[in-house]
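Using this note's numbering, the letters of the sequence shown correspond one by one to residues 0 to 327. Remarks on the structure that follows.
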Amino acid sequence: MQNTGVPKPAILMSRAVFPEVIARLQQYFDVTANQQDEIWTKAQFISHLQGKRGVFTTGGERVDAGVLAACPDLKICANMAVGYNNFDLPAMTAAGVQATNAPDVLTETTADFGFALLMATARRVTESEHYLRAGHWTQWRYDMFTGSDIHGSTLGIIGMGRIGQGIAKRGAHGFGMKVVYHNRSRLSTELEAQCKATYVSKQELLKTADHVMLVVPYSPESHHTIGAAELARMKPSATLVNIARGGIVDDAALAQALRDKKIAAAGLDVFEGEPSVHPDLLTVPNVVLTPHIASATVPTRLAMANLAADNLIAVLTGKPPLTPLNTP
Ligand code: GLV
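Here it is, written out as structure tokens:
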């Protein structure tokens with residue numbers, strides 16, 4: 000961008016991000032970056048945001064009516080995440096603020112991770128590693144860490160958006176799994192054929208699946224999609240994997256079900272109230288826990304950050320956003 004003598008619009012990077020993305024944005028904007036990655040209170044977030052035209056968020060920063068009222072210069076919030084439950088979209092639309100997310104670029108990486116977590120959970124990878132590291136492995140035994148099979152089993156996917164479809168394809172085509180799914184709306188016949196997936200009710204899915212995978216976006220309606228009643232419907236040999244959002248699963252009920260062996264095991268990448276983890280989940284052995292890393296490969300995280308940057312550049316230079324969430 001040429002130096003025209005006109006001051007560049009001010010933007011805020013609310014968390015640390017790749018330096019090359021900041022350098023790109025500095026060509027267009029006066030950038031306030033938080034490369035120390037301080038975790039701000041809401042009041043601190045507001046005070047850094049005041050006077051800014053745009054903000055780069057990473058999914059944890061809540062943008063609601065209070066923030067918007069205190070920051071009247073704001074024009075765009077660009078989330079470096081596909082999920083956007085940190086945004087109050089109606090309030091943003093009413094305040095004339097564009098919201099964008101970062102879909103698509105993370106689909107395959109996240110679907111890969113769903114499978115990694117499923118396999119680690121079903122085959123007890125981390126539990127057996129802890130056993131080995133603790134020096135307990137003194138001899139082989141026929142029933143040591145026997146888990147459940149992935150190939151030929153039934154995979155139940157709740158939430159059949161782009162990531163759910165990626166997981167279905169991996170399961171059906173790569174591992175010969177029978178795939179059933181439940182979603183707010185049914186896929187087209189063509190997409191169902193590509194995913195080799197059959198639509199079933201949630202009850203049917205919970206009853207028949209050997210492995211249940213959650214990929215549904217968080218909303219008040221999807222809060223506790225899996226609680227004690229749903230866990231009681233699953234097979235005692237079943238596993239549950241959550242790569243969606245904290246709050247989709249009732250973590251306390253899940254810890255109890257794992258302890259009581261109501262289901263065999265779980266794999267969780269997201270948690271209610273994260274980065275805090277329900278203390279009971281830390282003490283049950285049959286759960287694999289990862290710190291919200293499903294999209295964490297360098298190329299994918301860079302693509303997500305660049306997409307958020309592209310949205311900021313587009314909107315603040317008068318062009319349409321690439322991946323809008325609202326029409327303010
Ligand atoms: C990660 O959880 C995302 O929403 O991108």
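All C-beta atoms in this analysis are idealised placements derived from N, C-alpha and C, irrespective of residue type, glycine included.
query                                                                                                                                      : result
Can you give the beta carbon distance from A333 to H277, rounded, assuming they're within the 8 Å contact cut?                             : This structure cannot speak to residue 333, because the chain is shown only from 0 to 327.
Please classify V314: does DSSP put it in a helix, a strand, or coil?                                                                      : helix
Under 8 Å Cβ to Cβ from R258, same chain only, skipping five residues before and after it: list those, please.                             : D279, V283
Helix, strand or coil for T31, going by three-state DSSP, please let me know.                                                              : strand
With a cut-off of 5 Å, give the chain-ordered residues whose Cβ is closer than this to any heavy atom of ligand 1.                         : A80, V81, G82
By the 10 Å Cβ neighbour count, where 16 or more other Cβ atoms means buried, how is Q26 classified, buried or exposed?                    : exposed
Nearest to S46 by CA position, among V5, G59, A68, is which residue?                                                                       : A68
How long is the line joining the alpha carbons of E19 and A243, rounded to whole angstroms?                                                : 29 Å
Can we say the stretch 112 to 132 touches the stretch 204 to 212, given the rule of at least three CB pairs closer than 8 Å?               : yes
Check whether the Cβ atoms of I156 and I166 sit closer than 8 Å, and answer yes or no.                                                     : yes
What residues match up with Y198 in a beta bridge as DSSP calls it?                                                                        : Y180
Report the rounded CA-to-CA distance for L131 versus P235, giving the unit in angstroms.                                                   : 26 Å
Just to confirm the assignment: which complete beta strand (DSSP E) runs, minimum length 3, are found wholly within the stretch 51 to 79?  : 53 to 56, 75 to 78
Would T108 and N85 be called neighbours here (beta carbons separated by less than 8 Å)?                                                    : no
According to DSSP, simplified to helix, strand and coil, what is P89?                                                                      : helix
If D36 and R14 are in contact, beta carbons under 8 Å, what's the gap, nearest whole angstrom?                                             : 6 Å
Put M233 into one of helix, strand or coil per three-state DSSP.                                                                           : coil
With burial defined as no fewer than 16 other Cβ atoms inside 10 Å of the residue's Cβ, what is the status of V297: buried or exposed?     : exposed
If you check the beta carbons only, do V66 and L88 fall under 8 Å apart?                                                                   : no
Assuming Q97 is part of the beta strand (DSSP E), what are its boundary residues?                                                          : 97 to 99
Less than 8 Å between the beta carbons of V104 and I75, yes or no?                                                                         : no
For the alpha helix (DSSP H) that T108 lies in, which residues bound it at each end?                                                       : 106 to 121
With DSSP as the reference, identify every bridge partner of N241, one or two as the case may be.                                          : L213, L267
For the alpha helix (DSSP H) containing V387, list its first residue and its last residue.                                                 : One cannot answer for residue 387 here, as it falls past the ends of the chain, which runs 0 to 327.
Among residues of its own chain, excluding the 5 on either side of A304, which ones have a beta-carbon nearer than 7 Å to its beta-carbon? : V16, F17, V20, M79
Report the option in G158, L230, K41 whose CA atom is closest to the CA atom of V199.                                                      : G158
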